[in-house]
Structure formats: structure tokens, C-alpha cells
Amino acid sequence: MVQNIASKPVNTGAALSRRFSVAPMMDWTDRHCRFFLRLLSKNALLYTEMVTTGALINGDAERFLRHDASEHPLALQLGGSVPADLAVCARMAQDAGYDEVNLNVGCPSDRVQNNMIGACLMAHPALVADCVKAMRDAVAIPVTVKHRIGINGRDSYAQLCDFVGTVRDAGCTSFTVHARIAILEGLSPKENRDIPPLRYDVAAQLKTDFPELEIILNGGIKTLEQCQEHLQVFDGVMLGREAYHNPYILAEVDQRLFGSSAPVISRVEALTLLRPYIAAHIAAGGSMHHITRHILGLGQGFPGARRFRQLLSVDIHKAKDPLALLDQAAELLVGR
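For the sequence shown, numbering that gives the first Met the number 0 begins at 0 and goes up steadily by one.
Here's what the structure looks like:
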């Protein structure tokens, strides 16, 4: 079921909608998670975990680029700051069939800072522009940027406009804005997702001042009602942790945000569709937990939800017949 990247699948060139997307999240949005999320929404744009240029160029590129054809529309997020390396990796993404390549200018961790990756690049708009230009020159698929509204020491609105304007001049037309600054010293990546206050007003001003650009809002969005409100101002919304911890929110995305008339998929229908994928993964020598760890959030808000999570997070490690355990868990979703 898994796409062979060597086959160089053809990108259709159809216009990519970023009206609703699921954020790139380290250790979470791997190919198994994305396959599951795609069962819930046909229209949501999905992102990989951030992959560094070094990992692609010097590591197991096939493992990092591997994905199932059903995951499209699908974007690869890259971490790096050497234009030539990013160009090579963007070409690899295009050759592997990805619909977009995105540059990470938002991750605040010490590890990526030391390698000039992530949010620290907001202090170097000309370098980000060079990176974007190099990637755009190398590929035909869209090149986008995900960034913060600033970093400590460089958090004025004028500096944010300088960053966006400089990168725009390199040809980038789509910016995903995490509406918080990043504190590069003293806060962990987790704290950087919570402690700096959300400033939707700053992101909204950016859309006002750069009306020609596509501005996607990210940060703190938890409901489809909030998505609909933000879409009155922004071109798109991106959900992160909420989409992972409460994935069933995606089940109504197509109907409520894209105008689909298809019936809303039930929890048990989603798990039934996921079962053959899990069975194939087990047959190939994989563990069911590699996949089911991503679906625990299906068990929320109904009698039996706790038991569902226990089966797939605790009992799974001692199950002699994992698929039978999966079927037992699925029974708890009937009617939910």
C-alpha cells in the first residue's frame, strides 16, 4: 500500500487548497498518522514532520519521504538554512510526489537553533529569502514558509513586516503564521507553544498589510466554529495539537469548511477502513502500536472511551492477536 518514491509519481498541478490543514508535528504526523487523518477528511492539507536537509541528504531519504498515495494533498516540511541543500531536498520532495514543500521558520528548540534551523531564522530574513529562491528555482511545486510573529529581541511589527516582505520578494506567496513569538532562551519547545500570548490581531494586521499574500493562521485553534470565524479574516487555518489529540474533529471538516455533501464518517467506519492498513503493516513485520498510538484520541467523550484507550495503549503490548484486540476496541466505537 505504501508508495514507492522511486516511481516518481506525477503531481497533477491542481490548485492546492490551504483552507484547512493539519500542522507538522514532530513524532506525531508520521505516515501512519497521516493515513489515518486522511480517512477522516479528504480535503485537509496534511504536513509531514519536519525533516532536516541533513537527514535527507546524508540519511535514509526513502524512509523520510515514504508515504501512501492516499495521503494527498500532502506537503513536506523541511528544516535547514543552506540554500543549495534546501534546493536539493525540494527536488527530492517533488520527485517523491509531494504537493508542496514548506520551510520551517518557527521551531524554537535549542537543537535546531544550533543548526540554524527554525525560529532563529526570523532574525535572518535575507537568508530565508535566499533559501526560498533556491527552492523555487529547483521545483515547480509551491514553496511556502511557516513562521512565528517574531522572536525575543526581534518582535516588533515592523520587523515582522520586514521578514514577510523580504521573503515575499523572493517569490513566496503563502505564509503560515503561528500567532505567537518564540522565546529562544529559557523556554522549552512545549512552553513556547503555550506561554507566549496568542496575538491573532498581529496576524490579522499582516493580512491587511499584505492582501496579495495567502496568510494561514496557526496557534490555539480548537473548534470548527473558531475555524469558521478565522476564515472570515484569513485565507486558511492550521490546527496542530487539537487535531492530534481530538482527531475526530476532522470528520466534519469537509462538510463545514469545504461544502461537501458526503455523509460524515463515523468513528467505527474510520477504524474499519484503517484495519487493512494495520494488517498490512503487521504482515510486513511492523507493530500495531506504530499506528494505533495515533488514534487514541478517537476515544473521547462517550461511555467506553477510557476502555478504548486502554486497549490500544496498554493491553496492546501484551496481546497475542493484535487484530482481535483492534476489533474489540472497534466494538466500543459502534454508534459513536
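The C-beta atom is built at its ideal place from N, Cα and C for all residues, glycine as well.
Here's the rule: buried if 16 or more other CB atoms are within 10 angstroms of the residue's CB, otherwise exposed. What is residue i?
i              : result
valine 333     : exposed
valine 9       : Bear in mind that a pLDDT of 41 at valine 9, under 50, signals an unreliable position, so the number given afterwards is only what the model happens to contain. Looking at its Cβ environment, which holds fewer than 16 other Cβ atoms inside 10 Å, valine 9 is exposed.
glycine 149    : buried
methionine 0   : Its pLDDT being 40, under 50, methionine 0 is placed unreliably in this model, and the value from its coordinates should be taken loosely. Result: exposed.
leucine 322    : exposed
glycine 105    : buried
glutamine 93   : buried
isoleucine 194 : exposed
alanine 261    : exposed
glycine 298    : buried
histidine 244  : exposed
proline 23     : buried
proline 72     : buried
serine 155     : exposed
aspartate 29   : buried
valine 313     : exposed
isoleucine 4   : In this prediction, isoleucine 4 has a pLDDT of 43, which is less than 50 and means its spatial position is unreliable; what the coordinates show is noted afterwards. Isoleucine 4 is buried by the Cβ-count criterion.
asparagine 103 : buried
threonine 175  : buried
asparagine 57  : exposed
glycine 218    : buried
threonine 222  : exposed
threonine 207  : exposed
lysine 7       : A caution first: lysine 7 carries a pLDDT of 43, below 50, which makes its placement in the model too unreliable to give a value.
Reducing DSSP to helix, strand and coil, say where residue i ends up.
i                 : result
aspartate 320     : coil
arginine 167      : helix
phenylalanine 209 : coil
isoleucine 215    : strand
valine 21         : strand
arginine 292      : coil
arginine 198      : coil
arginine 153      : strand
glutamine 231     : coil
leucine 273       : helix
glutamine 299     : coil
alanine 139       : coil
leucine 126       : helix
valine 131        : helix
proline 107       : coil
arginine 308      : helix
glutamate 268     : helix
methionine 91     : helix
alanine 283       : coil
aspartate 26      : coil
isoleucine 315    : helix
methionine 121    : helix
Who pairs with residue i in a beta bridge, going by DSSP?
i            : result
leucine 147  : The sequence given here has arginine at residue 147, not leucine. According to DSSP, arginine 147 bridges with His177.
leucine 102  : Leu77, Val144
arginine 192 : Beta-bridge pairing links arginine 192 to no other residue.
Would residue i pass as a contact of residue j if the rule is Cβ separation under 8 Å?
i                 : j              : result
glutamine 46      : serine 20      : Residue identity check: residue 46 is tyrosine in the sequence provided, not glutamine. Yes, the pair counts as a contact, with Cβ atoms nearer than the cut-off.
glutamine 76      : methionine 115 : no
leucine 249       : serine 16      : no
valine 252        : alanine 43     : yes
cysteine 119      : leucine 186    : no
valine 144        : valine 100     : no
alanine 329       : valine 267     : yes
histidine 31      : isoleucine 264 : no
arginine 147      : histidine 177  : yes
proline 196       : proline 107    : no
aspartate 234     : isoleucine 214 : yes
alanine 86        : alanine 125    : no
phenylalanine 35  : histidine 293  : yes
phenylalanine 341 : leucine 273    : The question about residue 341 has no answer, for the chain in this structure spans 0 to 335.
Original post:
In chain order, which alpha helix (DSSP H) runs of at least 4 residues are fully inside the region 37-74?
Top reply: 52-57, 60-64
**OP:** Taking only runs that begin and end inside the region 234-262, name each unbroken beta strand (DSSP E) of 3 or more residues, in chain order.
**Re:** Runs of beta strand (DSSP E) with 3 or more residues, each lying fully within the region 234-262, are found at 235-238, listed in chain order.
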